[in-house]
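Enquirer:
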Amino acid sequence: MRSTNIHTPNELNKMCLSTTTEDAAGQPSIMENMTFGIEFEFLCYTPHGVSPRSHLSQALREPVDLLCSRCAQNHSWKLPVEGTLDGFVAPFSTWTLHRDNTVKASDDETVHVPKGSDFYSMELVSRVMNFSNPTTDPIGQTYPCTGELLEWDSQTEISTFIQKVQEAFSGTGYRASTNKSTWLHIHFGNGKHQPSVQTALGMFGVFAALERQFDHISPVSRISSLPFEGPTPGLRGMAPEYKYGQVNEWVGAGSRAFLEMMRWRVKRAIKDDAETTRFTITEQLQGCSPPFWLDSISVPDEVETFLDNWPLDDSVGEPLSRRSMAVNLNNLTSNVGKCTVEVRAAPGSLDFSEVWAWSQFMGKLMLWLSTPAVDHNAIITNIWADPDSTVLDLLNEIGASRNKTLSCGFSKTSFLTLSISTSTRRQGHDHLYTGGPGGVEMCP
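What follows is the structure, encoded as structure tokens:
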């Protein structure tokens with residue numbers, strides 16, 4: 019088997035965040051053993067007669083040359099991917115490939131596929147990695163220079179897999195791409211335990227309260243909306259910056275959960291007896307704001323209690339899915355068992371700088387929300403109340419440097435400057451092109 023030389027630029031270590039648990043606002047977090055995993059969704063095609071999945075699986079099993087952290091020499095390693103371990107393999111102990119039928123190419127994208135080939139909907143799921151420390155190699159490989167058991171730092175591991183995907187689909191007749199149907203999902207756990215209720219509900223609260231700030235950096239296909247056409251011309255003019263589409267069931271807005279909850283309770287109160295339940299109606303209407311949401315989300319002592327309040331059978335349009343929220347807490351319920359907080363808000367990407375920046379941002383946010391003696395709700399409310407606030411304000415609060423985090427990626431969504439032009443948003447909605455938010459990102 020040929021060995022691939024993987025380049026891990028030294029600049030990445032200078033640009034990206036340290037992942038120690040004490041980096042969150044300078045205080046230690048209660049999640050000292052936080053783990054995470056990433057799901058990459060993308061479209062790919064190969065020449066006629068070549069299976070995209072088998073082709074990539076074979077490429078990932080080829081050895082790679084990496085610079086040794088012990089002796090500064092190159093050594094050859096196997097990647098921790100499915101097929102490299104014999105016998106029973108524990109779930110999420112290696113990277114795995116799957117077909118994801120939710121990932122689809124639009125008609126104007128399929129015309130770019132060569133005759134005889136079709137887009138294949140691929141999902142690459144990482145193993146569970148430690149967020150703050152290196153993760154032991156599951157294969158049992160050792161450093162040739164010291165005999166110690168190999169440990170992967172997550173930055174090198176993720177960048178190596180992404181580079182291998184790009185290399186596998188870089189030849190003539192091969193292509194890997196992302197579009198508006200692809201996602202980048204990140205799961206956060208707490209070692210053998212699950213994240214605290216405070217942290218899990220806090221993550222949901224941040225995305226609900228700061229929806230405006232997150233929407234500012236999101237491509238249009240990632241901005242969730244209710245199932246109506248709009249915006250109304252009288253409110254936004256005849257040529258709005260973007261147009262609402264049908265409800266996006268794959269990334270529901272946190273605000274919608276609270277608004278549906280309010281609508282459901284008011285409707286029920288009116289049906290019962292409007293006069294006797296007037297206080298309930300008034301309370302719900304007055305509490306229809308992020309500060310109230312943050313206060314109410316702090317009350318439950320179990321995640322399941324919070325989720326059980328959702329009006330799943332009485333909502334506008336399709337049922338409100340707990341799983342499809344920007345932050346999915348359903349994995350923390352007793353009948354699922356994954357024990358992770360899943361962030362589903364990011365668009366699909368095969369750009370390491372984007373993936374690393376987002377995973378570090380979300381991980382730092384988890385650690386900050388797990389930090390004792392911090393009035394998280396007050397800080398989030400202040401950011402929400404400032405009309406000029408951006409995601410940068412949240413980054414500063416969680417102890418992440420703007421330059422270290424944001425220079426690390428998300429250039430395609432103008433993450434650093436937080437400026438997305440009208441033409442970019444329109445173009446990014448559903449057209450295939452090179453390198454724009456929500457469009458198909460072509461690997462060279």
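In the numbering used here, the protein residues as written are 19 to 462.
For each residue, glycine too, the CB sits at the ideal point set by N, CA and C.
1) Among F370, D369, S377, which residue has its Cα nearest to the Cα of V361?
2) Could you check if I438 is buried or exposed, using at least 16 other CB atoms within 10 Å of its CB as the buried criterion?
3) According to DSSP, simplified to helix, strand and coil, what is I204?
4) Can you name the start and end residues of the alpha helix (DSSP H) that H234 belongs to?
5) Which two residues bound the contiguous alpha helix (DSSP H) that contains M380?
6) Is it true that the CB of T53 sits closer than 8 Å to the CB of V143?
7) Just how far apart, CA to CA, sit L97 and P81?
8) What does a CB cutoff of less than 6 Å around M380 pick up in its chain, not counting 5 residues either side in sequence?
9) In terms of residue numbering, what span does the beta strand (DSSP E) encompassing R145 cover?
10) For E59, which residues does DSSP report across the bridge?
11) Grab the span of the beta strand (DSSP E) containing S94 for me, first residue to last.
12) What does the alpha-carbon distance come out to for the pair W386 and T217?
13) If you compare alpha carbons, which of S139, F370, D136 is closest to I180?
14) Look up T174 in the DSSP assignment and say whether it is helix, strand or coil.
15) Span of the alpha helix (DSSP H) holding S367?
16) Output the distance between the C-alpha atoms of G220 and F206, rounded to the nearest integer angstrom.
17) Using beta-carbon positions only, say whether V345 and F187 come within less than 8 Å of one another.
18) DSSP has L115 in a bridge; who is on the other side?
19) Hey, how far is the Cα of N348 from the Cα of W170?
20) Would DSSP call N346 helix, strand or coil?
21) For G312, which residues from the same chain have a beta carbon less than 7 Å from its beta carbon, with the 5 sequence-adjacent residues on both sides left out?
22) Which of the three DSSP states, helix, strand or coil, is assigned to F225?
23) Residues in its own chain within less than 8 Å of E166 by CB, not counting five upstream and five downstream?
24) Here's the rule I'm using: 16 or more other beta-carbon atoms within 10 Å means buried, otherwise exposed. How should F297 be labelled?
25) Tell me R193's beta-bridge partners as DSSP assigns them.
26) Name the two residues that bound the continuous alpha helix (DSSP H) containing V284.
27) Is it the case that the Cβ atoms of L168 and S367 are separated by a distance below 8 Å?
28) Is S419 buried or exposed, if buried means 16 or more other CB atoms sit within 10 Å of its CB?
29) To which residues of the same chain is V215 closer than 8 Å at the C-beta, ignoring the five residues directly before and after it?
30) Near A287, what residues of its chain come up, given a Cβ to Cβ distance below 6 Å and the 5 sequence neighbours on each side ignored?
31) What does a CB cutoff of less than 8 Å around C62 pick up in its chain, not counting 5 residues either side in sequence?
32) Need the endpoints of the beta strand (DSSP E) that V82 sits in, please.
33) With distances taken between CB atoms, is the gap from K122 to S199 smaller than 8 Å?
34) What distance in whole Å lies between the Cβ atoms of T174 and L84, which are believed to be in contact at a cut-off of 8 Å?
35) Note down the Cα distance separating S314 from R281, rounded to an integer number of angstroms.
Expert: Reading off the structure:
1) S377
2) Model confidence at I438 stands at a pLDDT of 27, short of 50, so the residue's coordinates are unreliable and nothing is read from them.
3) strand
4) 229-234
5) 370-387
6) no
7) 7 Å
8) I204, V361
9) Neither: R145 is in no beta strand (DSSP E) and is coded neither H nor E.
10) E141
11) 92-95
12) 9 Å
13) F370
14) helix
15) Taken as a continuous stretch (DSSP letters only), S367 belongs to no alpha helix (DSSP H), as it is neither H nor E.
16) 13 Å
17) no
18) L142
19) 29 Å
20) strand
21) As written in the sequence, residue 312 is Leu, which differs from the Gly given in the question. Cβ neighbours of L312 beyond the five flanking positions: G223, A227, N395, I398, T399.
22) helix
23) R88, T160
24) exposed
25) Y63
26) 272-291
27) no
28) Confidence at S419 is low in this model, with a pLDDT of 45, below 50, so the placement of that residue is unreliable and no value is reported for it.
29) P318, D319, E320, V321
30) T295, T298, I299
31) P70, L74, F137, Y138, M140, F187, Y192, R193, A194, S195
32) 82-85
33) yes
34) 7 Å
35) 16 Å
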